[in-house]
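2 protein chains.
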Amino acid sequence: MPQSRVTIRDVAKHAGVSHQTVSRVINNSQHVAPKTRKKVQASIVELDYRPNAIARSMALGRTCLLACLAPNLTDFTFASLVEGAEVEARKHGYFLISSSAPTPDILQHLLNELIDSRRVSGLIVINPYVDERYSYLPENFPLVFIGSHAREPGISSVTLDDELAGYLAVQHLLSLGHRDIAMVTGVMIEDCAQKRCIGFEKALKEAGITHTASQVIQGDWSATSGRDAFMALTETGKVPSAIFAQNDRMAIGVMQSARDMGISVPEQLSVIGLDDLPLASYFAPPLTTIRQDIIKIGSKAAQLLIANIEEPSHPTHRLTINPELIVRKSTAPFNHQKEEPIELSHNQI
Amino acid sequence: MPQSRVTIRDVAKHAGVSHQTVSRVINNSQHVAPKTRKKVQASIVELDYRPNAIARSMALGRTCLLACLAPNLTDFTFASLVEGAEVEARKHGYFLISSSAPTPDILQHLLNELIDSRRVSGLIVINPYVDERYSYLPENFPLVFIGSHAREPGISSVTLDDELAGYLAVQHLLSLGHRDIAMVTGVMIEDCAQKRCIGFEKALKEAGITHTASQVIQGDWSATSGRDAFMALTETGKVPSAIFAQNDRMAIGVMQSARDMGISVPEQLSVIGLDDLPLASYFAPPLTTIRQDIIKIGSKAAQLLIANIEEPSHPTHRLTINPELIVRKSTAPFNHQKEEPIELSHNQI
DNA sequence: ATGAAAGCGCTAACAA
DNA sequence: TTGTTAGCGCTTTCAT
Chain A
15 MPQSRVTIRD
25 VAKHAGVSHQ
35 TVSRVINNSQ
45 HVAPKTRKKV
55 QASIVELDYR
65 PNAIARSMAL
75 GRTCLLACLA
85 PNLTDFTFAS
95 LVEGAEVEAR
105 KHGYFLISSS
115 APTPDILQHL
125 LNELIDSRRV
135 SGLIVINPYV
145 DERYSYLPEN
155 FPLVFIGSHA
165 REPGISSVTL
175 DDELAGYLAV
185 QHLLSLGHRD
195 IAMVTGVMIE
205 DCAQKRCIGF
215 EKALKEAGIT
225 HTASQVIQGD
235 WSATSGRDAF
245 MALTETGKVP
255 SAIFAQNDRM
265 AIGVMQSARD
275 MGISVPEQLS
285 VIGLDDLPLA
295 SYFAPPLTTI
305 RQDIIKIGSK
315 AAQLLIANIE
325 EPSHPTHRLT
335 INPELIVRKS
345 TAPFNHQKEE
355 PIELSHNQI
Chain B
15 MPQSRVTIRD
25 VAKHAGVSHQ
35 TVSRVINNSQ
45 HVAPKTRKKV
55 QASIVELDYR
65 PNAIARSMAL
75 GRTCLLACLA
85 PNLTDFTFAS
95 LVEGAEVEAR
105 KHGYFLISSS
115 APTPDILQHL
125 LNELIDSRRV
135 SGLIVINPYV
145 DERYSYLPEN
155 FPLVFIGSHA
165 REPGISSVTL
175 DDELAGYLAV
185 QHLLSLGHRD
195 IAMVTGVMIE
205 DCAQKRCIGF
215 EKALKEAGIT
225 HTASQVIQGD
235 WSATSGRDAF
245 MALTETGKVP
255 SAIFAQNDRM
265 AIGVMQSARD
275 MGISVPEQLS
285 VIGLDDLPLA
295 SYFAPPLTTI
305 RQDIIKIGSK
315 AAQLLIANIE
325 EPSHPTHRLT
335 INPELIVRKS
345 TAPFNHQKEE
355 PIELSHNQI
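Those sequence lines, one after another, are chains A and B. Mapping to our numbering: the first sequence position 289 is 303, numbers consecutive. Mapping to our numbering: the second sequence position 149 is 163, numbers consecutive.
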């Protein structure tokens with residue numbers, strides 16, 4: 015009887031108590047005589063009573079609903095964040111509305127519908143600084159950011175340790191003997207792209223390598239931009255022996271472009287990505303990458319948000335999740351390269 | 015002032031009318047004098063009043079919330095369905111809770127929380143027949159299925175035209191001159207896998223080809239199972255000249271396995287998948303596949319669900335979305351194959 | 001065209 | 001320990 019319209023008063027009548035006593039039983043109040051409790055519970059079962067969540071929200075003045083706003087819901091990263099947050103939310107008795115907000119306009123509209131009308135009691139925002147969307151975000155409302163730390167105080171956030179991720183990627187390349195290392199960045203307006211650059215530079219610097227600007231090419235996270243970046247790189251005549259792409263999609267674009275140009279990976283070119291997409295090991299060659307635990311990021315975000323909702327004085331946190339190097343076949347030692355690296359032959363001309 | 019606690023009565027007081035008149039203005043009732051309406055609207059703006067959605071749901075007895083239950087939220091297919099449904103729902107003033115229900119147990123628990131407590135007013139279920147989950151589904155509740163048509167009357171559903179998809183895939187291979195065509199299936203308990211088999215057989219039959227059972231291998235949708243399937247196929251000594259994998263992930267597994275065994279795609283083996291994953295064109299070689307418009311499937315499902323909610327007498331529909339052949343580089347004419355197909359050399363021995 | 005009264009199903013505050 | 005009385009913010013019904 016899923017559609018039961020049994021109310022708390024029906025149960026009260028059936029059990030011969032007041033509706034308030036039923037409420038106490040439902041909410042596990044201590045002040046109920048064991049005998050009464052039994053009686054009420056029996057009535058609840060018999061009538062198949064289910065508390066009405068809406069009425070409960072109404073009386074309590076708060077909903078057990080969260081929202082997660084992402085640029086879209088189909089990107090593997092965003093989808094995984096949502097899943098992580100959703101599963102965690104449920105553990106705490108909350109549900110999650112996930113909405114795709116590709117533009118600031120849409121985000122603003124969503125905010126109206128979700129927050130101003132008090133539909134949800136907390137909000138997770140993925141990549142708040144991709145555009146001006148952050149300027150529409152409400153103040154004095156439970157908020158958690160994913161992908162960037164908040165630029166103003168009082169908002170918790172959780173991100174990958176992007177600097178470390180970039181550092182680890184380059185360190186892996188360096189450990190293989192590479193010295194001429196290029197990077198394809200994501201959209202530079204995003205914090206994570208900037209942080210990954212910092213890690214890149216730090217590793218290079220520690221190894222005593224000064225890199226020229228030409229070795230850093232901006233992409234936009236897409237595989238296509240990875241292709242374009244590699245083509246731009248070859249046109250300069252200075253093809254590096256290794257490339258760090260700031261995400262797997264761009265790394266895959268780089269690999270395809272190299273393949274099209276007859277440059278073999280990893281013999282002539284090492285490529286490392288970042289993310290560890292589900293099919294990363296099925297590309298040719300299987301992609302070496304820096305893995306991020308996206309589910310964990312999402313679930314931590316939900317945890318922080320709920321803590322903030324239930325205890326508004328909860329301190330602000332800026333969590334950072336550790337990346338992990340996954341070595342596959344797209345990177346190889348520089349020394350073992352069978353043919354001369356491309357840039358040398360160019361240089362010799 | 016996103017946290018405005020202005021109520022309908024505050025507006026009423028401010029405008030010097032009864033709260034009921036304010037309600038009429040909000041709901042665009044005809045029976046309001048233009049002058050009064052203006053006055054009230056001005057007060058609404060001035061006080062920045064936003065109707066409380068929860069209270070509205072409470073009084074109306076219905077929520078503007080839908081839920082979409084999927085085995086998980088990260089698979090590209092599921093994520094895209096959710097996005098399609100979510101965007102469509104919003105167009106109609108609804109929001110969508112998406113939850114991952116990997117097991118029937120979890121699904122049952124979700125059903126309790128979402129439906130029995132009247133949190134949502136409609137439900138989209140993805141792949142209801144993957145396990146016994148369908149047996150927990152409520153009756154007399156607005157329901158729409160995705161991935162399978164309902165086995166009982168009264169429930170709308172939307173699926174890919176799986177039979178046509180299988181048919182198109184095989185027809186493409188046949189048109190290239192292939193005669194020895196194998197198939198790697200998905201989980202056979204699912205309708206879509208069965209339907210794709212029917213399309214496979216239909217195309218073969220029309221071409222006058224009788225296939226033996228050994229040419230059909232069961233997979234489980236995973237890339238790994240595609241690998242395994244191809245290895246099993248080679249072990250029989252009868253390697254076909256073309257393979258139809260019922261989804262892209264398995265097709266990619268087949269391609270990798272073939273590559274590992276030194277069998278070149280498409281020269282020695284043509285491979286066609288189904289889905290058209292975002293990176294399908296970045297595998298080696300770029301994957302020929304049957305594309306399904308997943309966003310459309312999700313959005314149609316939301317449309318049907320909302321129609322059913324708002325007009326319970328709305329007739330049941332069983333929508334079927336057309337697939338589309340996308341030709342890339344993993345399939346080639348049988349005649350142009352530079353080397354003898356594997357199975358011939360085996361047969362000649 | 002407008003207002004007053006009642007109630008949606010629950011919880012909180014008080015009283016007994 | 002239990003019951004009674006008030007709301008939560010809105011809509012609906014019925015007067016006026």
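Think of the CB as a built atom: it goes at the ideal place given N, C-alpha and C, for glycine as much as any other residue.
Other residues of its chain near H360 (chain A): CB distance less than 6 Å, five sequence neighbours each side excluded: Note that H360 (chain A) has pLDDT 35, beneath the 50 cutoff, so the model's placement of it is unreliable and the number below is only indicative. The beta carbon of H360 (chain A) sits closer than 6 Å to the beta carbons of G251 from its chain, once the five residues preceding and following it are set aside; these are given in chain order.
Under three-state DSSP, which class holds T238 (chain A)? DSSP places T238 (chain A) in helix when its eight states are reduced to three.
From the DSSP output, in three-state form, read off F109 (chain A) for me. In the three-state reduction of the DSSP assignment, F109 (chain A) falls in the strand class.
Using a Cβ-Cβ cut-off of less than 9 Å, list which residues of the region 264-279 of chain A approach chain B; keep chain order. Only I266, G267, M269, Q270 and R273 from the region 264-279 of chain A bring a Cβ to less than 9 Å from some Cβ of chain B.
At the level of alpha carbons, what is the spacing between T21 (chain A) and I68 (chain B)? Computed Cα separation, rounded: 18 Å.
Cutoff 8 Å; reference I335 (chain B); Cβ partners in own chain excluding five residues on either side: Around I335 (chain B): V172, T173, L174, D175, Q306, D307, K310, I311 and K314.
Could you give the distance in angstroms between the alpha-carbon of E354 (chain B) and the alpha-carbon of G276 (chain B)? Confidence at E354 (chain B) is low in this model, with a pLDDT of 48, below 50, so its placement is unreliable and the value that follows should be read with caution. In a straight line, the C-alpha of E354 (chain B) is about 14 Å away from that of G276 (chain B).
Per DSSP, what kind of secondary structure is Q282 (chain B) in: helix, strand or coil? The DSSP-derived three-state label of Q282 (chain B) is coil.
Can you tell me whether M264 (chain A) is helix, strand or coil according to DSSP? Looking at M264 (chain A) - three-state DSSP - the assignment turns out to be helix.
Does the region 279-297 of chain A come close enough to the region 98-106 of chain A that 3 or more CB-CB pairs lie under 8 Å? No: fewer than three Cβ pairs fall under 8 Å.
What are the residues of the region 39-69 of chain A that lie near chain B, defined by any Cβ-Cβ distance shorter than 8 Å? Taken in chain order, the members of the region 39-69 of chain A whose beta-carbon sits within less than 8 Å of a beta-carbon on chain B are R64, P65, N66, A67, I68 and A69.
Contact with chain B by F258 (chain A), beta-carbon distance below 7 Å: False, the Cβ-Cβ gap to chain B never drops below 7 Å.
Rounded to a whole number of angstroms, what is the C-alpha to C-alpha distance between D119 (chain B) and A237 (chain B)? Across the structure, D119 (chain B) and A237 (chain B) are spaced so that their CA atoms are roughly 27 Å apart.
Tell me whether E153 (chain A) is buried or exposed, calling it buried when 16 or more other Cβ atoms sit within 10 Å of its Cβ. Burial call: exposed.
Mark P142 (chain B) as exposed unless 16 or more other C-beta atoms lie within 10 angstroms of its C-beta, in which case mark it buried. A buried status is given to P142 (chain B), since no fewer than 16 other beta-carbon atoms sit within 10 Å of its beta-carbon.
Starting from V96 (chain A), find everything on chain B with Cβ-Cβ shorter than 7 Å and list it in chain order. Here the neighbours are L87.
Would you identify the three-state DSSP class for Q351 (chain B), choosing helix, strand or coil? Confidence in Q351 (chain B) is poor, its pLDDT being 44 and thus under 50, which makes the residue's placement too unreliable to answer from.
Can you confirm whether the region 73-83 of chain A touches the region 130-139 of chain A when touching is taken to mean that 3 or more C-beta pairs between the two stretches lie within less than 8 Å? They touch, by the three-pair rule.
Just checking, does the region 155-167 of chain B make contact with the region 210-225 of chain B on the three C-beta pairs under 8 Å criterion? The region 155-167 of chain B vs the region 210-225 of chain B: no contact.
Say whether the region 110-126 of chain A touches the region 120-128 of chain B, bearing in mind that this needs 3 or more beta-carbon pairs closer than 8 Å, one atom from each stretch. With fewer than three CB-CB distances shorter than 8 Å, the region 110-126 of chain A does not count as touching the region 120-128 of chain B.
What are the residues of the region 286-306 of chain B that lie near chain A, defined by any Cβ-Cβ distance shorter than 7 Å? Flagged, chain order: L293, Y296, F297 and A298.
Straight-line gap, P48 (chain A) to D145 (chain A) (C-alpha atoms, nearest Å): Looking at the two C-alpha atoms, the distance is approximately 58 Å.
Confirm, please, whether the CB-CB distance from L95 (chain A) to I160 (chain A) is below 7 Å. Their beta carbons are under 7 Å apart, which means I160 (chain A) touches L95 (chain A) by this criterion.
So, is Q44 (chain B) buried or exposed, given that buried needs 16 or more other C-beta atoms within 10 angstroms? Q44 (chain B) comes out exposed.
Output yes or no for whether 7 Å exceeds the beta carbon distance between F258 (chain B) and A183 (chain B). Cβ atoms of F258 (chain B) and A183 (chain B): closer than 7 Å.
For a test of the three-state rule: what should DSSP assign to L289 (chain A), helix, strand or coil? Leu is not the amino acid found at residue 289 (chain A); the sequence shown has Asp there. In the structure shown, D289 (chain A) falls within a strand segment according to DSSP collapsed to helix, strand and coil.
Please go through the same chain and pick out, in chain order, the residues whose beta-carbon is closer than 7 Å to the beta-carbon of Q185 (chain A), but skip the five residues on each side of it. Result list for Q185 (chain A): A217, in chain order.
Is there a C-beta anywhere in chain A that falls below 7 Å from the one on F7 (chain B)? One cannot answer for residue 7 (chain B) here, as it falls past the ends of chain B, which runs 15 to 363.
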